[in-house]
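Quick notes on the structure that follows.
Number of protein chains: 2
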Amino acid sequence: MKAAERFRARGTQKIRDKDASDAPLATGDKERDERQVMELAKKIGEYQDIFYAEHRRKILIVLQGMDTSGKDGTIRKVFGELDPLGVRCVSFKVPTTVEREHDFLWRIHKEVPGQGEMAIFNRSHYEDVLVPAVHGLIGDKERKRRYAQIRDFEHMLAENGTVLLKFFLHISKAEQKKRLEARLANPDKHWKVDPNDLAERQYWNDYQQMYDKAIHETDADHAPWYVIPADSKDHRNLAIGSIVVETMKEMKLAYPPPNEAYFKVKVPD
Amino acid sequence: MKAAERFRARGTQKIRDKDASDAPLATGDKERDERQVMELAKKIGEYQDIFYAEHRRKILIVLQGMDTSGKDGTIRKVFGELDPLGVRCVSFKVPTTVEREHDFLWRIHKEVPGQGEMAIFNRSHYEDVLVPAVHGLIGDKERKRRYAQIRDFEHMLAENGTVLLKFFLHISKAEQKKRLEARLANPDKHWKVDPNDLAERQYWNDYQQMYDKAIHETDADHAPWYVIPADSKDHRNLAIGSIVVETMKEMKLAYPPPNEAYFKVKVPD
């Protein structure tokens, strides 16, 4: 079975019913799994070379997940073999004053990929619904309105040649605790600690439920959501890497046709 | 001698007096040179990890050179081991209508790196002086005015924590001919051919002279120019990689100090 089928979000299935420690793609042999991730990463790099030359379609990858779910690690491991010329990472933080003075898609639209470009969103427009919804700053009606706007927005992107892939990195609350504790214990990782991350744990279940709604309301064949069991980092990388490779393969990428006239051109001295 | 000393632009020395086929850093053993480039690239990746964590200073790398001088190849080989999260490549093309309606630094300023970020400019604000100067669209007075504006702009960037490195990839006219011919002969590279590149060869000497002026007028210790003999790709990569590694070493990068309080924090269940 293709990874894209296996991890595709399905109907109203709840995140809490999915085991975050599931690791069907991992062999348990860490070295072997890491080698396999490296091969997937290199394959993505090869496809990207053609994708860049083709200069026609766009690829947008959205990474979402709770703190410590491994968004940064995914970028490093799965997308680390790409030519820096053709990939652009955008980390969306708490909106600035100016950003808040616009609709929530304003800052997102500015960063979508152009032809031949792959953009990776490290958090995204989904944060601007999830966070205010969890904290009661917007109600059901506004939340639904925003998801309808997201559906229209992503539909427009797809119609204009963007291949969208949306990943929810699913970790358990216990795994997050372990990862936060590891950060607190390592002085070189203190810069990554945000005391707010600890406080947000109390909203864990609310976030999970809001993610269910986000995924349910915005999953579409042209903008699919994948729920990736991510307690195992190797499995997370294998699953995401496989889905990206499958998707790029299906894009039937090809170098633009040669220009016959060029074969006869003489370069002047 | 440090590579940064060896290749630093000096006073009024002319590009045409420098041998583009010079390759003092290459050993002639291609495999060994490529391994060395890979090690430099990995070292840049290691430094970048700390630079990103430090989240204080900025790095701006400017790549300039004639067509086929190897700007794309440099990005792939020298900066290919960076975490995509911390590097951003910007290719400046022919200015758009809207860009031309602003001063020439407007589109540049929008793309300068933020704290902890490394930006690589594939062509840059220098194009907006070189090209119009070579084609007689601006005269000496306007050219000098723009270089004064660039000096002020780069000085401001440096004062605000930006480490600038500017590389001129120096190839010979004969080497360009070889590279253009190779592109024309390879159907998978036809997408890279711009017939205009061939026509521009007639202005070769004018470009070299204009580069002399650009370098002479804007070289500064806070924004140094390096003239890299680039007929040999391995040498080009070795020289640029070495200068970047030397520069990052001198930045005395360090992880932010640990927060002692964090060692006592308990993560809530």
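As given, the protein sequences belong to chains A and B, one line each in that order. Numbering-wise, full-length UniProt numbering puts 10 at position 10 of the first sequence, and it's gapless, one number per residue. Numbering-wise, full-length UniProt numbering puts 35 at position 35 of the second sequence, and it's gapless, one number per residue. Positions of the beta carbon are idealized from the N, C-alpha and C atoms, including for glycine.
Limits of the beta strand (DSSP E) - the one that A:His109 falls within: Working through the first sequence from its first residue, we reach residue 109 of chain A at position 109. First-last for A:His109: Trp106 to His109, but that is the alpha helix (DSSP H), not the beta strand (DSSP E).
Where the beta strand (DSSP E) containing A:His55 begins and where it ends: One-based indexing of the first sequence puts residue 55 of chain A at position 55. No beta strand (DSSP E) holds A:His55; DSSP gives it neither H nor E.
Chain A contact for B:His102 (CB, 8 Å cutoff): In the second sequence, residue 102 of chain B corresponds to position 102, counting from 1. So, not an interface residue.
Residues near A:Leu82 by beta carbon distance below 6 Å, same chain, minus five either side: On the first sequence, residue 82 of chain A is found 82 positions in, with the first residue counted as 1. Taken in chain order, the residues that qualify are Gly45 and Gln48.
Three CB pairs or more closer than 8 Å across the stretch 1-15 of chain B and the stretch 206-219 of chain B: yes
C-beta atoms of B:Tyr226 and B:Phe168 nearer than 8 Å: Position 226 of the second sequence holds residue 226 of chain B. Position 168 of the second sequence holds residue 168 of chain B. With contacts defined by Cβ atoms closer than 8 Å, B:Tyr226 and B:Phe168 form a contacting pair.
CB contact flag (B:Lys71, A:Val267, <8 Å): Translated into positions along the second sequence, residue 71 of chain B becomes position 71. Translated into positions along the first sequence, residue 267 of chain A becomes position 267. Result no, Cβ atoms of B:Lys71 and A:Val267 do not sit closer than 8 Å.
Interface partners of B:Trp106 on chain A, CB under 9 Å: Within the second sequence, residue 106 of chain B is the residue found at index 106, counting from 1. At a C-beta separation below 9 Å, B:Trp106 has no neighbours in chain A, since its nearest C-beta there lies roughly 16 Å away.
Amino acids of chain A, ordered along the chain, whose beta-carbon sits closer than 8 Å to that of B:His222: Along the second sequence, read from residue 1 onward, the residue named residue 222 of chain B stands at position 222. For B:His222, there are no neighbours in chain A by C-beta distance under 8 Å, as the nearest C-beta there is about 25 Å away.
Straight-line gap, B:Trp204 to A:Leu130 (C-alpha atoms, nearest Å): Along the second sequence, read from residue 1 onward, the residue named residue 204 of chain B stands at position 204. Along the first sequence, read from residue 1 onward, the residue named residue 130 of chain A stands at position 130. Computed Cα separation, rounded: 56 Å.
The ligand ZN heavy atom lying under 7 Å from the CB of A:Ala199: Among the components modelled here there is no ligand, and therefore nothing to report on the ligand ZN.
Contact set between B:Phe121 and chain A, taken where Cβ atoms lie within less than 7 Å: As a position in the second sequence, residue 121 of chain B is number 121, starting the count at 1. The contacting residues do not exist; B:Phe121 stays about 12 Å from chain A at best.
CB of A:Gly114 within 8 Å of CB of A:Gly86, strictly: Position 114 of the first sequence, counting from 1, holds the residue named residue 114 of chain A. Position 86 of the first sequence, counting from 1, holds the residue named residue 86 of chain A. No, the Cβ-Cβ distance between A:Gly114 and A:Gly86 is not below 8 Å.
Nearest-angstrom Cα separation, counted from B:Trp191 out to A:Pro256: Position 256 of the first sequence, counting from 1, holds the residue named residue 256 of chain A. Position 191 of the second sequence, counting from 1, holds the residue named residue 191 of chain B. C-alpha separation (whole angstroms): 6 Å.
Cβ-based burial, A:Asp152 [other Cβ within 10 Å; buried from 16]: Looking up residue 152 of chain A in the first sequence gives position 152. Label assigned to A:Asp152: exposed.
Beta-carbon contacts of A:Phe51 that lie in its chain and below 8 Å, excluding the five residues immediately before and after: Residue mapping note: residue 51 of chain A aligns to position 51 of the first sequence, counting from 1. Cβ within range, chain order: Arg57, Ile59, Gly86, Gly116, Met118, Met248, Met251 and Leu253.
Pairwise C-alpha distance: B:Asp231 and B:Glu175: In the second sequence, residue 175 of chain B corresponds to position 175, counting from 1. In the second sequence, residue 231 of chain B corresponds to position 231, counting from 1. So the two alpha carbons sit approximately 6 Å from each other.
A:Gly73 vs A:Lys233 beta-carbon contact at 8 Å: In the first sequence, the residue the question calls residue 73 of chain A occupies position 73. In the first sequence, the residue the question calls residue 233 of chain A occupies position 233. Result yes, Cβ atoms of A:Gly73 and A:Lys233 sit closer than 8 Å.
Test: B:Ile150 CB closer than 8 Å to a CB of chain D: No chain D appears in the structure shown, which is made up of the protein chains A and B.
Opposing strand residues paired with A:Met118 [DSSP bridges]: Numbered from its first residue, the first sequence carries residue 118 of chain A at position 118. Partner(s): A:Ile59 and A:Val87.
The stretch 229-257 of chain B: positions lying closer than 9 Å to chain A by Cβ: Tyr255, Pro256 and Pro257
Straight-line Cα distance separating B:His155 from A:Ala53: One-based indexing of the first sequence puts residue 53 of chain A at position 53. One-based indexing of the second sequence puts residue 155 of chain B at position 155. Going by the C-alpha atoms only, they are around 37 Å apart.
Cα-Cα separation, B:Asp221 to B:Met210: Here residue 221 of chain B refers to the residue found at position 221 when the second sequence is read from its first residue. Here residue 210 of chain B refers to the residue found at position 210 when the second sequence is read from its first residue. Each residue's Cα considered, the two are about 21 Å apart.
Cutoff 8 Å: A:Tyr47 Cβ touching any chain B Cβ: Within the first sequence, numbered from 1, the residue matching residue 47 of chain A stands at position 47. For A:Tyr47, the nearest beta carbon of chain B is not closer than 8 Å to its own beta carbon.
Selection from A:Asp67, A:Arg143 and A:Leu40 that minimises the alpha carbon distance to A:Arg201: On the first sequence, residue 201 of chain A is found 201 positions in, with the first residue counted as 1. The shortest C-alpha separation from A:Arg201 is found at A:Asp67.
Spatial distance of A:Ile138 from A:Lys144 (CA atoms): Along the first sequence, read from residue 1 onward, the residue named residue 138 of chain A stands at position 138. Along the first sequence, read from residue 1 onward, the residue named residue 144 of chain A stands at position 144. Approximately 10 Å between the Cα atoms of the pair.
Interface partners of A:Gly70 on chain B, CB under 7 Å: Taking the first sequence and counting its residues from 1, one reaches residue 70 of chain A at position 70. Identification of chain B residues near A:Gly70 by a Cβ-Cβ cut-off of 7 Å yields none; the smallest Cβ-Cβ distance measures about 13 Å.
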